[in-house]
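Okay, structure first, notes after.
In this note's numbering, the protein residues as written are 1 to 290.
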């Protein structure tokens with residue numbers, strides 16, 4: 001899956017091999033891929049994101065077959081003619097029915113896309129197939145596939161403008177600014193949970209992933225009485241707590257570092273403050289209860 005970044009795949013029926021092909025194609029100012037597969041699922045998790053950071057938004061077009069895309073706790077059924085904007089900085093999963101499917105994936109550089117499209121697309125977004133702009137997106141994309149290079153450059157820009165128009169219309173339908181901020185805060189927290197194991201992940205990396213300034217992100221969290229550092233620390237402690245109770249063979253040191261802490265003494269202090277006991281005591285209690 002080098003054309004589209006780091007992904008894992010599973011076959012139907014536990015088979016050892018999969019059937020499919022991926023072809024990279026230029027679409028004006030953007031790279032794209034035509035993906036034909038017969039697989040059960042394709043996914044990208046937090047570990048893959050740490051190895052291969054999300055540098056693109058993928059505008060996915062379902063040409064044939066059906067699939068389900070899951071990202072940011074929402075699912076979208078993709079049928080022929082459907083679009084979905086996938087954010088590679090967030091974990092995602094594609095589930096397929098037992099048939100060959102064909103998708104077109106347009107790769108939009110994430111930094112430029114956030115600048116042109118705004119924050120609504122952070123964390124991924126389903127495009128409403130019933131919206132008239134969906135039909136316009138489809139017409140431009142299909143034209144792009146056969147256009148001459150000069151025309152393709154103009155058409156690719158038109159594709160982004162149409163996507164931007166769809167997103168701006170979507171923003172005007174938001175019930176209130178409070179609702180929008182709550183959704184953005186939830187996206188930020190989801191990203192923190194998924195990347196908590198990475199000891200280098202912090203406020204700067206979160207700002208980069210969200211395409212927001214440090215000041216804006218801090219205001220977003222402070223409005224709910226929280227900070228990025230406390231939410232991140234809580235996520236790491238919850239990971240450690242879970243590992244202590246479910247992985248008795250792992251050492252406490254290994255669990256601390258695997259949970260995103262890079263200082264063992266700091267981990268012990270934070271754990272005792274949060275749970276009232278030391279990690280070793282928590283493990284003994286869990287063993288006794290089992």
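From the three backbone atoms N, C-alpha and C, an ideal C-beta is built for every residue, glycine too. Just so you know, these numbers come straight off a predicted model, no measurement behind them.
*Identify the continuous beta strand (DSSP E) that holds residue 74 and give its terminal residues.*
Within the chain shown, the letter at position 74 stands for residue 74. Secondary structure note for residue 74: its beta strand (DSSP E) is the uninterrupted segment 74 to 78.
*How about residue 278 and residue 266: do their beta carbons lie closer than 8 angstroms?*
On the chain shown, position 278 is the one that residue 278 refers to. On the chain shown, position 266 is the one that residue 266 refers to. Between residue 278 and residue 266, the CB-CB gap reaches or exceeds 8 angstroms.
*asked:* For residue 103 and residue 164, what's the separation of their Cα atoms in angstroms?
replied: Along the chain shown, read from residue 1 onward, the residue named residue 103 stands at position 103. Along the chain shown, read from residue 1 onward, the residue named residue 164 stands at position 164. The straight-line gap from Cα to Cα measures roughly 21 angstroms.
*Since residue 20 sits in a beta bridge, which residues does DSSP pair it with?*
For the purposes of this step, residue 20 is taken as the residue at position 20 of the chain shown. Per DSSP, the beta bridge partners of residue 20 are 37.
*residue 199 versus residue 233: straight-line alpha-carbon distance, rounded*: In the chain shown, the residue the question calls residue 199 occupies position 199. In the chain shown, the residue the question calls residue 233 occupies position 233. C-alpha separation (whole angstroms): 11 angstroms.
_DSSP-derived helix/strand/coil call for residue 198_ = Residue numbering aside, residue 198 sits at position 198 when the chain shown is read from its first letter. Here residue 198 sits in coil by DSSP.
*asked:* Which residue wins for smallest C-alpha separation from residue 77, given the options 97, 27, 90 and 154?
replied: As a working mapping, residue 77 is identified with position 77 in the chain shown. Selected option, being the one with the closest Cα: 97.
*For residue 34, which option in 61, 114, 49 and 195 has the closest C-alpha, if you only look at C-alpha atoms?*
As a working mapping, residue 34 is identified with position 34 in the chain shown. Nearest of 61, 114, 49 and 195 to residue 34, Cα basis: 61.
_At 3 residues or longer, what runs of the beta strand (DSSP E) sit wholly inside the stretch 188 to 270?_
Within the stretch 188 to 270, no beta strand (DSSP E) run of at least 3 residues lies entirely inside it.
*For residue 80 versus residue 46, is the C-beta distance shorter than 8 angstroms?*
The residue given as residue 80 occupies position 80 in the chain shown. The residue given as residue 46 occupies position 46 in the chain shown. No, the Cβ-Cβ distance between residue 80 and residue 46 is not below 8 angstroms.
*Candidates 6, 86 and 128: which alpha carbon is nearest residue 48's?*
Residue 48 sits at position 48 when you count from the first residue of the chain shown. Distances from the CA of residue 48 to each of 6, 86 and 128 were compared; the closest alpha carbon is that of 6.
*Give a yes or no on whether the C-beta atoms belonging to residue 257 and residue 236 are separated by under 8 angstroms.*
Numbered from its first residue, the chain shown carries residue 257 at position 257. Numbered from its first residue, the chain shown carries residue 236 at position 236. By the CB criterion at 8 angstroms, residue 257 and residue 236 fall outside the cutoff.
*Are the stretch 189 to 204 and the stretch 142 to 162 touching by the rule of at least three beta carbon pairs closer than 8 angstroms?*
No: fewer than three Cβ pairs fall under 8 angstroms.
*Got a sec, what are the start and stop residues for the alpha helix (DSSP H) residue 149 sits in?*
Residue 149 sits at position 149 when you count from the first residue of the chain shown. Looking at the DSSP string, the run of the alpha helix (DSSP H) that includes residue 149 is 149 to 172.
*Contact check, residue 185 vs residue 220 under 8 angstroms by CB: the rounded distance?*
For the purposes of this step, residue 185 is taken as residue 185 along the chain shown, with counting starting at 1. For the purposes of this step, residue 220 is taken as residue 220 along the chain shown, with counting starting at 1. That belief holds up - the Cβ atoms of residue 185 and residue 220 are roughly 6 angstroms apart, short of 8 angstroms.
_Applying the 10 Å Cβ sphere with the 16-neighbour rule, what's the burial state of residue 209?_
Start at 1 with the first residue of the chain shown, and residue 209 comes out as number 209. Classification of residue 209: buried, given that the 10 Å Cβ count is 16 or more.
*Rounded separation between residue 168 and residue 117 - CA only*: Here the question's residue 168 lines up with position 168 in the chain shown. Here the question's residue 117 lines up with position 117 in the chain shown. A straight line joining the alpha-carbon of residue 168 with that of residue 117 spans about 8 angstroms.
*Within this structure, are the beta carbons of residue 113 and residue 121 separated by less than 8 angstroms?*
For the purposes of this step, residue 113 is taken as the residue at position 113 of the chain shown. For the purposes of this step, residue 121 is taken as the residue at position 121 of the chain shown. Yes, Cβ-Cβ distance for residue 113 and residue 121 is below 8 angstroms.
*Of the choices 213, 153, 238 and 226, whose alpha-carbon is the least far from that of residue 115?*
What you label residue 115 is simply residue 115 of the chain shown in a count that begins at 1. Nearest option by C-alpha distance: 213.
_Local conformation of residue 100 per DSSP, three classes_ = Numbered from its first residue, the chain shown carries residue 100 at position 100. Of the three classes helix, strand and coil, the one that applies to residue 100 here is coil, per DSSP.
*asked:* Short of 6 angstroms in beta carbon distance, which residues of its chain neighbour residue 19, apart from the five on each side in sequence? Order them along the chain.
replied: Indexing the chain shown from 1 puts residue 19 at position 19. Correct list, in chain order: 38.
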